[in-house]
Structure formats: structure tokens, C-alpha cells
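Participant: For the record, in the sequence shown the residue sitting at position 127 is 837 according to our numbering, with numbers rising by one throughout.
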Amino acid sequence: MSVLNVTLKKRQAFYLCGYNKETSLETCGKEISQLWRDYDAKKDELFDIYGCKKDFYGLIWSSSHTGYYNYLIGIEISNITHSPKETICKHIPETIYAVSHVPVSMSAFDAWTEYYEKTLPNAGYTPDKEHGFNFEYYPAGSKSDYELWTPILREL
711 MSVLNVTLKK
721 RQAFYLCGYN
731 KETSLETCGK
741 EISQLWRDYD
751 AKKDELFDIY
761 GCKKDFYGLI
771 WSSSHTGYYN
781 YLIGIEISNI
791 THSPKETICK
801 HIPETIYAVS
811 HVPVSMSAFD
821 AWTEYYEKTL
831 PNAGYTPDKE
841 HGFNFEYYPA
851 GSKSDYELWT
861 PILREL
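(1) Cα-Cα, which of D758, C762, S793 and W771 is closest to G879?
(2) Report the rounded CA-to-CA distance for D765 versus T836, giving the unit in angstroms.
(3) Run through DSSP, which three-state label would S772 get?
(4) Helix, strand or coil: how does DSSP classify F819 here?
(5) Starting from R747, follow its DSSP beta bridges and name the residues at the other end.
(6) Quick check on this structure: which residue in K800, H775, S774 and K795 has the alpha carbon closest to the alpha carbon of L782?
(7) Determine the direct distance from the alpha carbon of Y847 to that of D855, and round the result to whole angstroms.
(8) Please classify L866 as buried or exposed, where buried requires at least 16 neighbouring CB atoms within 10 angstroms.
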């Protein structure tokens, strides 16, 4: 039985801008930890352009290199203007997501593993791989509960 519950939410298209790292399952712990430290040190550059934000995202998408994926830590923006050096901006298309609330005590790695191996299959949902973007949403910062969002192949 899965510990995480899942709900469906439709979300309009939006933009994220932040700092990215291409990584693999073998190296993600160290590399993403460094990316978080880099984000904390550089986030004021984003805030100067897009405004200060308490909430932020961890966006995940496949890499063109086999066995790798991209992880971006950033903020939601209303449009793409002049972005700070070393950032990338992504357009996330509208879709229906399976969303799970995760307690801060659960690591993102453990949460994603449970989410894909138990939560989604037990709920009867199939990820929409064509959409391509999954994300962690931190509504109150990194020291609080967060959410996992995955596009799914199902109508509301």
C-alpha cells in the first residue's frame, strides 16, 4: 500500500526559470545537492528580474543522453524576459496532473520512487511521457511539505 495519496489537477501552461543540471541516478544525490546550494546563492538574480518568490519548483525532464535527466531549480515567471546568465527558462504546457502531497521528512528521491512504483500504478494512472515534464512544487520553501506533479494520460 502506498503512503502517498494522489489527486488530479488541471494546470494551465506556465513558465519556469532557474538553474539546471544534467545528472543521472548514480550521481544525482551529490549533483542536485550542489545545485540547491547554487540556487540559494544565486536566487537573488532571479528575484531582481522576476520578483521575490517564497515558492519554487524542481523541474525534471529527460536528457538527450541515455541514462541522464535534467533537474532545474527555479521559480514560476509570467513571461520570458531578460534572464540571468546561467539560467534556462522552460515553457510547461497545459495538462492534467497526478499530484501527491509529500511530508518534508521524506526525501525527494524516496518520494519519487514510491510515487512511480506504488502511488501512480495503485491509483490506475499512467504518466504522459509525451508531455515530458514532472516537477516538485515547494509552496512554502524547502523546509516544508512539498508536492510531486506528473502529467497523466487521463481525463478529469
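Positions of the beta carbon are idealized from the N, C-alpha and C atoms, including for glycine.
Facilitator: On the basis of the supplied data:
(1) Because the chain here runs from 711 to 866, residue 879 falls outside it and cannot be looked at.
(2) 27 Å
(3) strand
(4) helix
(5) Answer is none; R747 lacks a bridge partner.
(6) K800
(7) 9 Å
(8) Residue placement at L866 is poorly supported in this model, since its pLDDT is 46, which falls under 50; the coordinates still yield a value, given next. Exposed: under 16 other Cβ atoms inside 10 Å.
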